Amino acid sequence: MNSFATTTDLRQHLNPLRATHKIGLIPTMGALHDGHLKLVEKAKQENDVVVSSIFVNPVQFNNPDDLARYPRTLEDDLEKLATVGCDVVFAPSVDEIYPEPPTIRLNFGELEMVMEGAFRPGHFNGVGIVVAKLFNIIQPDRAYFGQKDLQQVAVVRKLIRDLSFPIEMIRCPTIREEDGLAMSSRNRNLTPTERVQALALYKALNLAHDLLHEGQSTAQAKAAITGYFANLPHFRLEYVEVVNADTMQLVNEVLAPGQTAICLAAHIGNVRLIDNIVF
Ligand SMILES: Nc1ncnc2c1ncn2[C@@H]1O[C@H](COP(=O)(O)OP(=O)(O)OP(=O)(O)O)[C@@H](O)[C@H]1O
Ligand SMILES: CC(C)(CO)[C@@H](O)C(=O)[O-]
Ligand code: BAL
15 MNSFATTTDL
25 RQHLNPLRAT
35 HKIGLIPTMG
45 ALHDGHLKLV
55 EKAKQENDVV
65 VSSIFVNPVQ
75 FNNPDDLARY
85 PRTLEDDLEK
95 LATVGCDVVF
105 APSVDEIYPE
115 PPTIRLNFGE
125 LEMVMEGAFR
135 PGHFNGVGIV
145 VAKLFNIIQP
155 DRAYFGQKDL
165 QQVAVVRKLI
175 RDLSFPIEMI
185 RCPTIREEDG
195 LAMSSRNRNL
205 TPTERVQALA
215 LYKALNLAHD
225 LLHEGQSTAQ
235 AKAAITGYFA
245 NLPHFRLEYV
255 EVVNADTMQL
265 VNEVLAPGQT
275 AICLAAHIGN
285 VRLIDNIVF
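Sequential numbering from 15 applies to the sequence shown in this note's numbering.
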């Protein structure tokens, strides 16, 4: 596995390969878990060269404490990537990616009016800028993103269309712990007690799903989730929404199979977690 910290070195390595090799990219912020490794494994099956980037992108953090607390485990990450056959790692410094603060602004319109976009102002501007930079630097044929960050998938799809990147985006299923908690780098910041309690996110999603399945309205399902978290004093529910899984528009009824998503974000102690189910 080759690891590069500069754009110049990375390009020098990749450029001669482009004509004959399909390149798959998995953008990450590190602190890797099996969810990330599944993306690498899928990319391995579908491409000749797999590149993982590891970069904690300051521009997408709206909360400085969240940025400061974000886990950084580069050595461990490199070992994990090697075990799944990742070919190339790009782990640049902040100065390498942002020699000066970016002044462009990306606006994803209605896609970012709700949920993460509404509660993390500027978040998708930052995601869009760094993903566009990674696309330009690495020029992959395919890029792999997790469903856990469903709104991010929609934003990147729009970025690809708006800027005509010749890249196929692949949405990969959410990988969960045995008890159902969605794997997330921020899970590392949970205390053992919080880790057990955090399962409430997945339970709440399943509760909402069951209610919708029984024919209750989206408003009733959302109210049930709000009530569920109101009874859990260590939690603060930030939002729960039922949306079109592609457009992120709020919906009042269940759509065709695979089109409806229930999404939520909740704080437990100092940690903010998100999860969703699509059905
Ligand atoms: N449990 C998971 N299953 C599938 N994909 C995942 C999972 N967790 C993260 N990913 C995907 O991995 C990519 C990199 O995500 P990132 O490095 O932010 O990790 P993360 O676990 O989502 O961290 P956090 O949510 O704490 O920021 C994203 O496309 C993300 O959707
Ligand atoms: C796509 C991404 C790597 C951009 O920083 C990040 O938002 C993430 O890890 O999901
Ligand atoms: N996984 C999404 C990146 C973030 O929370 O900033």
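Where a beta carbon is used, it is the ideal one built from N, C-alpha and C, also for glycine. If you're wondering where the values come from, they're calculated on a predicted model, not measured in any experiment.
Cβ-Cβ distance between residue i and residue j below 9 Å
i    : j    : result
V98  : K162 : no
F104 : L24  : yes
A284 : D79  : Here the sequence assigns Asn to residue 284, which means Ala is not the residue at that position. Yes, the Cβ-Cβ distance between N284 and D79 is below 9 Å.
V128 : V254 : no
I40  : Y158 : yes
A222 : F249 : no
I189 : M197 : yes
L225 : A212 : no
R156 : E89  : no
Y84  : R200 : yes
Residue of the options minimising C-alpha distance to residue i
i    : options                   : result
L287 : L24, P247 and L195        : L195
Y242 : K217, G229 and K52        : K217
D289 : L95, L269, L120 and A259  : A259
R202 : I282, K147 and K52        : I282
Y112 : C100, D91 and P72         : P72
P115 : E182, Q74, V54 and A96    : Q74
K236 : L148, A275, L120 and N121 : A275
L120 : L173, I152 and L164       : L173
Buried or exposed (CB count within 10 angstroms, at least 16 for buried), residue i
i    : result
D109 : exposed
P154 : buried
P106 : buried
S66  : buried
L278 : buried
T207 : exposed
L177 : exposed
R134 : buried
H50  : buried
A45  : buried
I118 : exposed
E228 : exposed
A168 : buried
Sheet register partners of residue i (DSSP bridge)
i    : result
E182 : R156
T274 : N258
F104 : F18 and S67
Y253 : A279
D62  : In DSSP, D62 forms no bridge with anything.
V300 : With the chain covering only 15 through 293, there is no way to say anything about residue 300.
G38  : V64 and R156
V285 : I282
Min CB distance residue i to chain C below 9 Å
i    : result
L264 : Any reference to chain C falls outside this structure, which holds one protein chain only.
- Query: Counting Cβ pairs, one atom from each stretch, are 3 or more of them under 8 Å apart for the stretch 260-269 and the stretch 135-152?
  - Reply: no
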